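S.K.: Once you've had a glance at the structure underneath, I'll fire off some questions.
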Amino acid sequence: MDLPPSCSLNLWRFQKAKYLGTADAIKKIIKQEAKELCPPFVIAQSTPPLYVGIFALYNGIESTIWRHASWNGGYFGVIFSVKNVLPKAESKEGTLLINFTSGAIGGTVGTIINTPVDVVKTRVQGYMGVGPRKYNWALPALVTIYREEGLRALYKGFVPKVLRLGPGGGILLVVFEQVSTLIRKHILVEQTV
């Protein structure tokens, strides 16, 4: 196998490096590819003004409100019921476990309830102003997706979401209870004295 002259003579050692490291290489390659693919001004010219600038901030706000309301309703509607069903804790560790379990179950229920609306929110916010708008409002979009793609489409991304928000709900409740206890113990006591 014949090597190119530059390799066989070790001339590559004296050439200036094209990249200063991995991060620099990634940055320069992405910059170069972005220039070749689609310059930013082309995107700005092809997108109607309603979907860029200040109006873009409110794209899908209704479905976002539905998403948050449904998760909070499921989460807070369940955690106190679960806490009442579980046996009373006899130690600090037991209290932490009960809080984590209640929060994790609440987070899971909240995720089961809000995932369809989250899918709708993603589709509403994903519209870039090209062609007719398929999804405008949350509830009609929910029905459209169900009719056209079925129930399974409304639960796309459920597994990673529940793996994050289930335990996340448990951690949320544990941290809330711990901080509330510290505030009651140290800050509220000082104010009453």
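Just so you know, we're using the numbering used here here: the sequence shown kicks off at -19 and counts up by one.
Where a beta carbon is used, it is the ideal one built from N, C-alpha and C, also for glycine.
Note that the coordinates shown come from a computational prediction; the quantities given were computed from them, not determined experimentally.
Just the C-alpha distance for S160 and L77, rounded to the nearest angstrom, thanks.
M.R.: Residue 160 sits at position 180 when you count from the first residue of the sequence shown. Residue 77 sits at position 97 when you count from the first residue of the sequence shown. Straight-line Cα distance between these residues: approximately 17 Å.
S.K.: Where does the unbroken alpha helix (DSSP H) through H48 begin, and where does it stop?
M.R.: Counting from 1 along the sequence shown, the entry for residue 48 is found at position 68. Counting along the chain, the alpha helix (DSSP H) containing H48 begins and ends at 41 to 65.
S.K.: Taking a contact to mean a Cβ-Cβ separation below 9 Å, would you say R132 touches A121 in this structure?
M.R.: Reading the sequence shown from its first residue, position 152 is the one you call residue 132. Reading the sequence shown from its first residue, position 141 is the one you call residue 121. No, Cβ-Cβ distance for R132 and A121 is not below 9 Å.
S.K.: Report the residue from I10, T81, K8 whose alpha carbon sits nearest the alpha carbon of L145.
M.R.: Against the sequence shown, residue 145 aligns to sequence position 165. Out of I10, T81, K8, T81 has the C-alpha closest to the C-alpha of L145.
S.K.: Please state whether DSSP places L0 in a helix, a strand or coil.
M.R.: Working through the sequence shown from its first residue, we reach residue 0 at position 20. It is coil, neither helix nor strand.
S.K.: Report the three-state DSSP secondary structure of E73 (helix, strand or coil).
M.R.: For the purposes of this step, residue 73 is taken as the residue at position 93 of the sequence shown. Helix, per DSSP.
S.K.: Going along the chain, which residues of its own chain have a beta-carbon closer than 7 Å to the beta-carbon of V142, five neighbours each way excluded?
M.R.: Taking the first residue of the sequence shown as position 1, residue 142 is located at position 162. Excluding positions up to five away in sequence, the list reads T88, T91.
S.K.: Say whether the region 103 to 119 touches the region 50 to 67, bearing in mind that this needs 3 or more beta-carbon pairs closer than 8 Å, one atom from each stretch.
M.R.: These segments do not touch.
S.K.: With a threshold of 8 Å, are at least 3 pairs of Cβ atoms found where one atom belongs to the region 39 to 50 and the other to the region 94 to 102?
M.R.: A contact exists between the region 39 to 50 and the region 94 to 102.
S.K.: Taking all protein chains shown into account, decide if F21 is buried (16 or more other Cβ within 10 angstroms of its Cβ) or exposed.
M.R.: Locating residue 21 in the sequence shown gives position 41, where the first residue counts as 1. Its pLDDT being 47, under 50, F21 is placed unreliably by the model, and the measurement read from it follows with that caveat. The residue in question, F21, is exposed, as its Cβ has fewer than 16 Cβ neighbours within 10 Å.
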